[in-house]
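To keep things clear, I will list the structure first and then write my remarks on it.
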């Protein structure tokens, strides 16, 4: 079965996957709440080597009164983080969406990534590669809200290239966040 944690009338719980000496390949993962007052839990994935994922989400199904969605935090100490097989999504009707943070020893490859709140604030999208490239050209990076403050989107490739397609930090009636690309090689 797929890892999931559902807070039907309360908070969704934290989901944590760890491999201290190997790699992680995981399908769809979700932490969500159906409560108008609940919040989704964090999704944390840590491995020494490569991490490959499909859809990962921390979401609220109901609720304009939800406080916070859980963060999505994926770290590969020495390997690659590849999320091109799905979408990373932290979203809520109200309140604050969660951060999406990816860190890798080598390359980061992504599809779509969303941090979204309808009436509250979206949070940040943060990608850091220590010794490889960041390639988000298979999808779109979006931090968005209709009426609050949109999150920042920050990409840092300390020893490699940054390759992007579309990046948006958007607030319809509020304030948009910043978009920063930092590479010691170049950005495309």
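Numbering (the numbering used here), first residue to last: 58 to 245. The beta-carbon is built from N, C-alpha and C at its ideal position, and this holds for glycine as well. This structure is a prediction, so every number in the text was calculated from the model and none was measured.
Starting from the Cα of residue i, find the closest Cα among the options and give me that residue.
| i | options | result |
| --- | --- | --- |
| residue 212 | 204, 225, 202, 206 | 225 |
| residue 204 | 233, 75, 70 | 233 |
| residue 143 | 99, 164, 188, 196 | 196 |
If you measure between the beta carbons of residue i and residue j, is that distance less than 7 Å?
| i | j | result |
| --- | --- | --- |
| residue 151 | residue 88 | no |
| residue 169 | residue 209 | no |
| residue 139 | residue 109 | yes |
| residue 186 | residue 214 | yes |
| residue 105 | residue 134 | yes |
DSSP three-state label for residue i, please.
| i | result |
| --- | --- |
| residue 132 | strand |
| residue 82 | strand |
| residue 229 | coil |
Here's a check: name, in chain order, each residue in its chain whose Cβ is nearer than 6 Å to the Cβ of residue i, leaving out the five neighbours to either side.
| i | result |
| --- | --- |
| residue 149 | 117, 123, 126, 174 |
| residue 201 | 173, 179, 207, 227 |
| residue 192 | 166, 220 |
| residue 101 | 73, 130 |
Only counting the same chain, and skipping five residues up and downstream in sequence, which positions put a Cβ closer than 8 Å to that of residue i?
| i | result |
| --- | --- |
| residue 156 | 128, 129, 130, 147, 172, 180, 181, 182, 183, 208 |
| residue 79 | 104, 105, 106 |
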